[in-house]
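Counting from 1, one number per residue, gives the positions in the sequence shown under the UniProt record's numbering. Just so you know, even glycine gets a beta-carbon here, dropped at the ideal spot from N, CA and C. What follows is a short report on a single structure.
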Amino acid sequence: MRGRERVESVRRSTRASELGAFLRSRRTLLRPGEVGLPAEGARRTSGLRREEMARLAGVSEGYYVRLEQGRAPHPSPSVLGALARALRLSDAERDHLFALAEEVRPESGPEVLASGARRMLELLAPPTAAYVIDRRSDVLVWNDSAAALFGHLVDGPRRPNNVRYVFTDPRAKELFVDWADIASDSVAHLRAAAGHRPDDPELNALVAELHEASPEFRRLWPTRELRRKVSGRKELNHPTAGRMSLDYEVLHAPQAPGQRLVAYTAPPGTPSHSALGGYPSRCGK
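Here you go:
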């Protein structure tokens with residue numbers, strides 16, 4: 001087998017294995033009663049049996065077993081849709097399943113900041129704190145308000161990464177009042193990225209690094225939980241500004257698949273808005 005063919009074979013195998021692991025993780029979360037099946041007999045493991053899952057999805061048991069083992073032929077869109085319905089997947093989980101099954105060439109090298117993403121950042125009115133992240137949660141660009149809120153953006157020797165910050169920087173646990181929820185969100189975002197690029201060497205290196213460094217990450221990563229949050233509120237305990245309650249919005253950057261702008265604001269007249277207003281919002285990197 002020539003080098004290019006060998007690389008392609010490994011890539012397909014990686015995707016198939018991850019797809020199988022994802023199916024297995026979601027099957028074990030379902031209870032028979034949730035899908036109209038009687039809970040009869042002793043079950044050695046939690047969740048549905050493989051034969052039950054195959055029956056619900058309308059595929060043969062042998063084919064479903066091979067899917068979970070990463071040995072089945074590439075599933076068709078109709079099979080993926082049937083699996084998603086049978087597993088009661090959320091929209092984010094369904095997207096993840098289809099992403100794992102697609103033949104998408106992985107990106108190579110550092111991601112380039114799209115001009116549209118930078119323009120979105122520059123258009124934000126002060127005192128909004130904002131930054132742009134890529135699929136791996138690398139922070140590509142930020143404004144000064146964001147740098148004042150999140151110290152890791154400016155004090156490291158390499159490109160800042162939000163997931164690395166959450167799990168390896170002690171300041172993160174001090175800053176985020178609801179750190180456990182932030183940690184779960186961070187892993188869910190990274191897991192979704194793995195669905196689009198399961199053979200991305202930089203992503204895999206980051207996951208390996210976090211496995212080594214953080215027991216919390218090691219516990220959360222195998223759950224394969226996915227979340228899609230486009231807005232919400234975060235409570236911060238800032239070392240100089242004190243307690244802050246900030247609303248956030250997540251916007252997809254135009255013409256930049258995978259890049260997202262995250263903006264933090266507070267209602268005018270509130271102490272949190274006044275604290276943000278103390279920082280200039282000049283774009284920096």
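**OP:** Kindly examine the ligand HEM and report whether one of its heavy atoms sits closer than 7 Å to the Cβ of R24.
**Re:** The ligand HEM is not among the ligands present in this structure, which contains no ligands whatsoever.
**OP:** Assign residue 339 to buried or exposed, taking buried as 16 or more other Cβ atoms, counted over all protein chains shown, within 10 Å of its Cβ.
**Re:** In this structure the chain extends from 1 to 285, so residue 339 is not present and cannot be described.
Original post:
Using 8 Å as the Cβ pair cut-off and three pairs as the minimum, do the segment 216–227 and the segment 122–138 touch?
Top reply: In short, these stretches do not touch, since the Cβ pair count stays below three.
Original post:
What are the uninterrupted segments assigned as beta strand (DSSP E) that are 3 or more residues long and contained completely in the segment 119–167, given in chain order?
Top reply: Under the rule that a run must span 3 or more residues, the beta strand (DSSP E) segments found entirely inside the segment 119–167 read 129–133 and 139–143.
Original post:
Are R26 and E93 closer than 8 Å when you measure CB to CB?
Top reply: Taking 8 Å as the Cβ cut-off, R26 and E93 qualify as a contacting pair.
Original post:
Residue range of the alpha helix (DSSP H) that L190 falls in?
Top reply: Counting along the chain, the alpha helix (DSSP H) containing L190 begins and ends at W179 to H196.
Original post:
In the DSSP assignment, what are the bridge partners of E235?
Top reply: The beta-bridge partner set that DSSP reports for E235 consists of S245.
**OP:** Closer than 6 Å by C-beta to H211: which residues in its own chain qualify, once you throw out the five before and the five after it? Chain order, please.
**Re:** The answer, listed in chain order, is R218.
**OP:** Return the bridge partner residues of Y264 from the DSSP annotation.
**Re:** Under the DSSP definition of a beta bridge, Y264 partners with A129 and Y248.
**OP:** In the DSSP assignment, find the alpha helix (DSSP H) that holds L83 and state where it starts and stops.
**Re:** P77 to A86 is the extent of the alpha helix (DSSP H) around L83.
Original post:
How many whole angstroms separate the CB atoms of A86 and M53, which I take to be in contact at a CB cut-off of 8 Å?
Top reply: Right, the Cβ-Cβ distance comes to about 6 Å (below 8 Å), so this counts as a contact.
Original post:
With A57 and L89 assumed to form a contact (beta carbons below 8 Å), what rounded beta-carbon distance in angstroms separates them?
Top reply: Wrong, their Cβ atoms sit about 12 Å apart, outside the cutoff.
Subject >> Cα-Cα separation between E193 and G277, rounded to whole angstroms >> reply: Reading off the sequence shown, one finds Ala at residue 193, where the question assumed Glu. Annotation: A193 to G277 spans about 34 Å, alpha carbon to alpha carbon.
Subject >> Exposure of P127, with buried meaning 16 or more beta-carbon neighbours within 10 Å >> reply: Taking a 10 Å sphere around the C-beta of P127, we find 16 or more other C-beta atoms and assign the residue as buried.
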